[in-house]
Each structure stands twice: as C-alpha cells, then as structure tokens.
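Just so you know, the sequences run in chain order A and B.
Sequential numbering from 1 applies to the first sequence in the working numbering.
Sequential numbering from 1001 applies to the second sequence in the working numbering.
Taking it in order: structure first as structure tokens, then the write-up.
There are 2 protein chains.
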Amino acid sequence: MKPLVTITDVARAAAVSVQTVSRALNNKGEISPTTRDRIVAIAEQLGYRRNAIARGLVTNRSMTLGLLVPDIANPFFPDIARGIEDRALANGYNVFLCNTVEDPNREAAVLALLEEKRVDGIILCSARLTDDRLLPLLRRHRAVVLVNHPAPPEVAASVRVDDAAGTQQAVRHLHATQRTPIAFLAGPAHAHSSQQRTVAYRQTLAELGMALDPTLLRQCAPDAEGGYQAARALLAGTTPVPALLCYNDLVAVGALQACREAGLRVPDDVAIIGCDDIALARLITPALTTLRVDKSAIGAAAFGLLLARIEGDGTDAEVVFTPELVLRASAP
Amino acid sequence: MKPLVTITDVARAAAVSVQTVSRALNNKGEISPTTRDRIVAIAEQLGYRRNAIARGLVTNRSMTLGLLVPDIANPFFPDIARGIEDRALANGYNVFLCNTVEDPNREAAVLALLEEKRVDGIILCSARLTDDRLLPLLRRHRAVVLVNHPAPPEVAASVRVDDAAGTQQAVRHLHATQRTPIAFLAGPAHAHSSQQRTVAYRQTLAELGMALDPTLLRQCAPDAEGGYQAARALLAGTTPVPALLCYNDLVAVGALQACREAGLRVPDDVAIIGCDDIALARLITPALTTLRVDKSAIGAAAFGLLLARIEGDGTDAEVVFTPELVLRASAP
DNA sequence: TTGAAAGCGGTACCAG
DNA sequence: CTGGTACCGCTTTCAA
C-alpha cells in the first residue's frame, strides 16, 4: 500500500496553503491563473489524485449512484445501464451496478449497503420487493428513480413502459392474423409489469370477444429457462396453442426451443411474440416478432430524472415510453 | 436532503461516548454485552446507518472494488461479474461495474476515476489499453487482477484462459472432420486473447500441414455485428469457406446470420465454432459448437486473487482455466 | 469497561 | 488573491 500524495504534500511542494491548492485543483474561487497553473503542474508531477472519500465527507456528495437490476444477464438491462452510465460519467458520476439476481432479499441488502456508501441517488429497475418493504428503504435515499414500477412522487420519480398499450398491440395482432386462442407466459408474479400486462391481456381478450382460458395464462421466471419450462408445460396439454405471447425476449427464446422440441413449426404451428427487442431477437431463426422499447432512451431518461431530483428540482415525476410492435418471422 | 443520524446522535441518545457506540456497532474492543445491546437497539430505533465515507477516510479502506469489462452486453461478462459480485457481497464489498464499451480511452478514464474513489482493488477484464498506457495506471492501484491479460506479478495477478489449447482443440476438430481450409474471425487486434489465438491458429495449421491463407484470417469487432460484417466480407470471396472459427459466440451468431443470408447451410456447407459457451449458444438453431469456460469460476478466482492481494499475501499470481470443446450442431 | 482527544484529507468560511 | 481555522463522521491511541 503505497503512500499516496495528499493535498498537503502538494501545498508544501508549491509553498502555498492547502486551500490555494484546493482552489487551483477545482478551478473555482478567486485565484491567479499563474499560481493555478503552477500548482496544477506540481500536482501532476507529484502524481496527485484527489481523494473522493475525503471530499465526499465534507461536501456530503459522493458523486456516486446506485443502479439495481434484477438480472444483468438479460440483455435488456445492460442496454439500460449503458444509457445511464454514459450520461453519468459525462456528469462526473460513477455507478454501482448491482445485480439483485431476482432475489428480493438481495435487493433489500443492496439498498442498505448503498445507503451506507452514501450514494447520491439510486435507479431501481423492475423492483422485486413488495411495496411495504420497498418504500421504507427507498425513503431513506436522497433521490430515487424507479424503472418499470410506480411510486408516490415524493418517494421516487419513475420511468415506465406502457405495458397495457404494448400488450394490446400484440394481442390484437395475433387476433387479426387468426392465431387464437392466445397463450401468455406472464413472467414473475411479483413484477409490476407482469401484473399490468396480465390485466391488459385479459381486457383485450374481452374486448375482442375471446374467452379467457386460465390454463393458457402462466407465470414463469423471466429468462430463457423459465420460458422453456412454461412452454413445455403448456404444450403438454391437449389443446393446441397457435399463439404464444411472452413476457420478454428471453422467455420467447426458451419457448421457441420448447416448440421446436415438440415438433411444432414457428410460425406455421405456433406464432411467438416477445418483448423488449434485445439485439438477439433479430439474430435468431426465426427472427422474433417483439415489442420494441428504446432501452438507451429509458436509461437516459432515468438519469435525467435522477439528476433533477439530486439537484433539488424534482418536478417531472414520470416519463412513459410506448412500445412498438416489430413484425418479424416468428409472428408475421 | 434529510438530516441523517450520526454516531454522535446515537451516543447522545444512549448517554455514552461516541467511541462506545463505535465499539458496540462494530462489536469489537472491550464492551459489556449489556451496553452493547442497549446501544444497538437505540441505533436501530433512531434509524442509524453507518457512514462508509467517514469510516473509509480513517480506515483507508473503502470496501469497494472496481470491475471493468469491455462490453457488458456480451453475456460472457455478466457471468463473470456475477461470480465476482456474489463473492464480493459475501465479503462486505461493493462493486463498481464499469462498461468500457471497447474504448481504450474510456478504460483509462475509468481507471483514474476509480483511483479517486479509492477502491481497494480492481479487476480488469480483457484490457484494451496497450501496456505502455495500462501499466502506469495499474501501478497506482493498491491491488489489481487482470482477466485475460498478462502482467508482471508485482503489478497484477491474472486469471486467464488457455487460448492456445482452446484454439488447438477447435482447429484439430475441424481438420479431423474434413472441413478445410479453416477461416478465423480473430476479434479485435488489441485484445491479448486475439493475439494468442492467432498465434495458436497459425501454429496448429502448420502442425497439421495446412497452408495459411491470409485472406481467411480476419479481425473483427467482438460482437454479433462484427461477426456478421467479417463473415460477409469473407463469403464475398471466390474460395468456398467450409469452416469458420470465431473469436467468441456473439461473433459466431453474426457469422451464422451472414452464412444464412448467403444461402449456405450450417453445418452442411459451413461449420462454425464459437467461444465462451454463453447461454445463448445452445438456444439458437443450429446450436453452437463452442469452447466452454466456467465463467462463474473465473469470476470467483479473480475475486480470490484480489482479496489475497488486498490483504497483503499476493502469493498466487496466476490461475489458468482450460477451455473444453462442446460439440453441437453447428460443427458436429 | 469506558471516555477524551487527535486526526484521516479535504472544503468552507472568514480574515488579511 | 491568499491563508488560518473549523469541521465533515468516524476510528484509533492512550488514559482513566
């Protein structure tokens, strides 16, 4: 552990006071350009790097954010993270990217740890905690933005995707192309977006005069394995299933695999629609019809809302993105 | 910005000194169980949460690590990150997961930022900086582990995959199944693993008495788009290409797509081998023959080495994993 | 077993 | 324009 250069060392080397060094380094306050340049040069030469810990203690700002995602292996979240991190770095913030691996307890633990680390704000994607546990934890943070989860405006701003609109588009498309009845692999029960889409699914079926067959509505883990298992179980039934609406693209990939193993052709025997339009969706065969959302824009919007809250003017409380149905081979 | 409870507040409420509270909270030093429990209860009730910033300033330990990956959207890295983060959290560390988006300058910037944040150590995966820029930056850090990149032991420990062995297995398999000549989509020129594999590719061809056709050796971006472009360019040539060895699975997915568009059947007209065995590899059609490495184990090993270095006994300097060829439909 | 005081490396406030 | 001093919240050292 090599002894690091401190601001005092720089001050001594430059024969000035520490405050003068501080002013030079931060380029603020009244200071003559001459001394500033001289000090900056000396600091550079000494290999000085400022200590964000010490600075954070006095400024009460860590210039650090927390980002929680339920599963970083789902390409949906790296894309959002990218949108956030790009803007965060540009604004001088570092991001703790925390994978809660779909585990509510880990989500709670991470929220507490981030509080100890005194992050300036957090962005929580697709919360898995129930509100009674979640909200008290969130309230302790200085600024919070939720992605895909509602919250009282005094607790958090939110960025969400219009789940109802997306589900409606997908169901209508399947209905219009004569692929009924429509099964729905609905994702995890505790996910808010799953609940919203389930409501929309039921409602749209009703609007179109279709009966709801409860056996065609199944929850599943929001990954390929979950989709595979759920689809297998579904296909084991006696009723043929000509259309499969999936919680996300990974679920759709798993379902596709299950269909293939069951000897069903996609889209001839079964049409499949995913959600998110991850990069993979157009690279597999058949390419996946899916609901596209602009993940990078979601990330950027979330950061924007968070920054506004950190800086005090938490005016805009909600941004909504509307998904767009992208037709590809799996459900033309 | 709500006023947070400090250790002083707790001390006042419990009518003891701050040191006693500190001892109670950390459960160390001599303290009577009675007062300790009383203090802990009061702290809890006041909603006290300790301040890692203040604590880090005095202990000179941030309990924070930095993890740099070139592209978090490549499923290879989330798997490694998962292996690291699981063990890090279990040991009380938080991880800054930083996506350098294949950009050397961003890598350098992040390395500097992490230094300001006084992370206790960093794990850098697949460095993109050249050693002359990289090493000075690394030397400034207290503990460093490199994944897929060599380094002098006094600068960093390293975890690597035996690229030569993997490449050799793959080339031999393609040769044994009569699929020659063999093209190689080698990934980014500045990646150490790309260089190693290129050497092994040449060497193995020579050992097997095959001529090297330079037009069959192409660099590419290490993602699906890169594989797609490189494969397209390759297939535009006049020579048929019966075998395609790819830098990683994403490159292979892109190459697969290019082959399909060119009207080539996989594996009948072209055999394709990927690398990493990401989850996707067995979910696409045809399933991908690939070189499997245990990503979670790589992450765990990297964390283990880092912890050893942080705690001072940086004895083991290198861990090597050997990839295993997994035969699937794309190159049976 | 507990407490008083010093100080980690900065920044902020005021004086010169 | 520059310097002195207090202090952020906590742990460490030494006394009591």
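Each residue gets a CB set at the ideal place from its N, CA and C atoms; glycine is no exception.
Gln1196(B) to Ala1262(B), Cα distance in whole Å? If you number the second sequence from 1, residue 1196(B) lands on position 196. If you number the second sequence from 1, residue 1262(B) lands on position 262. Each residue's Cα considered, the two are about 30 angstroms apart.
Between the Cα of Arg55(A) and the Cα atoms of Glu30(A), Asn26(A), Ala73(A) and Val266(A), which residue gives the shortest distance? Locating residue 55(A) in the first sequence gives position 55, where the first residue counts as 1. Of the candidates Glu30(A), Asn26(A), Ala73(A) and Val266(A), the one whose C-alpha sits nearest the C-alpha of Arg55(A) is Asn26(A).
Is the Cβ of Ala1081(B) closer than 8 angstroms to any Cβ of chain A? As a first step, residue 1081(B) must be located in the second sequence, where it is residue number 81. Chain A contact via Cβ: present.
Let me know if Pro323(A) comes out buried or exposed under the rule of 16 or more other beta-carbons within 10 Å of its beta-carbon. As a first step, residue 323(A) is located in the first sequence; it is residue number 323 there, counting from the start. Burial call: buried.
Can you tell me which of Phe1321(B), Leu1325(B) and Arg1142(B) puts its alpha carbon nearest to the alpha carbon of Arg1160(B)? Your numbering for residue 1160(B) matches position 160 in the second sequence. Nearest C-alpha to Arg1160(B): Phe1321(B).
Got a sec, what are the start and stop residues for the alpha helix (DSSP H) Asn105(A) sits in? Residue mapping note: residue 105(A) aligns to position 105 of the first sequence, counting from 1. Note, Asn105(A): alpha helix (DSSP H), Pro104 to Glu116.
Cβ-based neighbour list, His141(A), same chain, cut-off 6 angstroms, excluding 5 preceding and 5 following: Indexing the first sequence from 1 puts residue 141(A) at position 141. So the qualifying residues of the chain are Ile122.
Do the stretch 1063-1078 of chain B and the stretch 1110-1126 of chain B make contact, defined as three or more Cβ pairs closer than 8 angstroms? yes
Give me the DSSP bridge partner(s) of Arg1292(B). By 1-based counting over the second sequence, the position of residue 1292(B) is 292. Asp1276(B) and Glu1324(B), per the DSSP bridge assignment.
Does chain B have any CB closer than 8 angstroms to the CB of Gly56(A)? Position 56 of the first sequence holds residue 56(A). Chain B, which has a Cβ nearer than 8 angstroms to the Cβ of Gly56(A), makes this yes.
Between the alpha carbons of Ala1186(B) and Leu250(A), how many angstroms are there, rounded? The residue you call residue 1186(B) lines up with position 186 of the second sequence. The residue you call residue 250(A) lines up with position 250 of the first sequence. In a straight line, the C-alpha of Ala1186(B) is about 28 angstroms away from that of Leu250(A).
Under a CB-based cut-off of 8 angstroms, is Phe1096(B) close to chain A? Residue mapping note: residue 1096(B) aligns to position 96 of the second sequence, counting from 1. So yes, Phe1096(B) belongs to the interface.
Contacts around Thr167(A), its chain only, beta-carbon distance under 6 angstroms, and the 5 residues preceding and following it disregarded: As a first step, residue 167(A) is located in the first sequence; it is residue number 167 there, counting from the start. These residues qualify, in order along the chain: Arg197, Ala200 and Tyr201.
Evaluate contact between the stretch 288-305 of chain A and the stretch 238-256 of chain A, counting only Cβ atoms and requiring at least three cross-stretch pairs below 8 angstroms. yes
Have a look at Met1001(B) and Arg309(A) and give me their C-alpha separation to the nearest angstrom. Sequence index remark: in the second sequence, residue 1001(B) carries index 1 (1-based). Sequence index remark: in the first sequence, residue 309(A) carries index 309 (1-based). The predicted model places Met1001(B) with a pLDDT of 43, which falls under 50 and marks its position as unreliable, so this point remains unresolved.
Closest by C-alpha distance to Arg1082(B), when choosing among Val1319(B), Ser1330(B), Gly1312(B) and Phe1303(B): For the purposes of this step, residue 1082(B) is taken as the residue at position 82 of the second sequence. Per the Cα distances, Phe1303(B).
From this set, Leu129(A), Ala236(A), Asn248(A) and Val319(A), which residue's C-alpha is nearest Cys220(A)'s C-alpha? Indexing the first sequence from 1 puts residue 220(A) at position 220. Of the listed residues, the one whose Cα sits closest to Cys220(A) is Asn248(A).
Could you check where the alpha helix (DSSP H) with Arg36(A) kicks off and where it finishes? Position 36 of the first sequence holds residue 36(A). Residues Pro33 to Leu46.
Residues of the stretch 1287-1306 of chain B with a CB closer than 8 angstroms to any CB of chain A: list them in chain order, please. none
For Met1(A), does the three-state DSSP call read helix, strand or coil? Within the first sequence, the letter at position 1 stands for residue 1(A). Confidence in Met1(A) is poor, its pLDDT being 44 and thus under 50, which makes the residue's placement too unreliable to answer from.
If we cut at 8 angstroms on Cβ distances, does Lys1028(B) have a partner in chain A? On the second sequence, residue 1028(B) is found 28 positions in, with the first residue counted as 1. Closer than 8 angstroms: no.
Using 10 angstroms around the beta-carbon of Thr204(A), count the other beta-carbons present and answer buried if the total reaches 16, otherwise exposed. Looking up residue 204(A) in the first sequence gives position 204. Buried: at least 16 other Cβ atoms inside 10 Å.
Does the distance from the CB of Ile1053(B) to the CB of Val1010(B) come in under 8 angstroms? In the second sequence, the residue the question calls residue 1053(B) occupies position 53. In the second sequence, the residue the question calls residue 1010(B) occupies position 10. Against a cut-off of 8 angstroms, the Cβ pair of Val1010(B) and Ile1053(B) comes out as no contact.
Selected residue, minimal CA-CA separation from Ile272(A), among Glu225(A), Val171(A) and Pro188(A): If you number the first sequence from 1, residue 272(A) lands on position 272. Per the Cα distances, Val171(A).
So that I know if they touch, is there some Cβ in chain B lying closer than 8 angstroms to that of Arg118(A)? The residue you call residue 118(A) lines up with position 118 of the first sequence. Chain B, which has a Cβ nearer than 8 angstroms to the Cβ of Arg118(A), makes this yes.
For Lys28(A), is the classification buried or exposed, using 16 other Cβ atoms within 10 angstroms of its Cβ as the cut-off for buried? As a working note, residue 28(A) is residue 28 in the first sequence. Flag for Lys28(A) reads exposed.
On the CB-based measure, 16 or more other CB atoms within 10 Å of its CB, does Val1058(B) come out buried or exposed? Residue numbering aside, residue 1058(B) sits at position 58 when the second sequence is read from its first letter. Classification of Val1058(B): exposed, given that the 10 Å Cβ count is below 16.
Label Arg1260(B) either buried or exposed according to how many other C-beta atoms from any shown protein chain fall within 10 Å of its C-beta, with 16 as the threshold for buried. The residue given as residue 1260(B) occupies position 260 in the second sequence. By the 10 Å Cβ count, Arg1260(B) comes out exposed.
Between which two residues does the beta strand (DSSP E) holding Thr64(A) run? Residue 64(A) sits at position 64 when you count from the first residue of the first sequence. Looking at the DSSP string, the run of the beta strand (DSSP E) that includes Thr64(A) is Thr64 to Val69.
Run through DSSP, which three-state label would Ala205(A) get? One-based indexing of the first sequence puts residue 205(A) at position 205. The displayed chain sequence assigns Leu, not Ala, to residue 205(A). Residue state, collapsed to three classes: helix.
Within chain A, the residues that Pro1075(B) reaches when beta carbons sit closer than 7 angstroms: Residue 1075(B) sits at position 75 when you count from the first residue of the second sequence. Within chain A, the residues near Pro1075(B) are Ala73.
Once you ignore the five residues that flank Arg1218(B) on each side, which residues in its own chain have a CB closer than 8 angstroms to its CB? Taking the second sequence and counting its residues from 1, the one referred to as residue 1218(B) is at position 218. Correct list, in chain order: Ala1183, Phe1184, Leu1185, Ala1186, Ala1230, Ala1233 and Leu1234.
Please report the distance separating the alpha-carbon of Tyr93(A) from that of Leu305(A). Translated into positions along the first sequence, residue 93(A) becomes position 93. Translated into positions along the first sequence, residue 305(A) becomes position 305. Distance between the alpha carbons of Tyr93(A) and Leu305(A) is about 14 angstroms.
Specify, as a first and last residue, the run of the alpha helix (DSSP H) that Arg12(A) falls within. Walking along the first sequence from the start, residue 12(A) turns up at place 12. Its alpha helix (DSSP H) spans residues Ile7 to Ala14.
Taking the beta carbon of Asp277(A) as the centre, do at least 16 other beta carbons fall within 10 Å, making it buried, or is it exposed? Residue numbering aside, residue 277(A) sits at position 277 when the first sequence is read from its first letter. It counts as buried.
Mind listing, in chain order, the continuous beta strand (DSSP E) runs of no fewer than 3 residues lying wholly within the stretch 1219-1281 of chain B? 1243-1246 and 1271-1276
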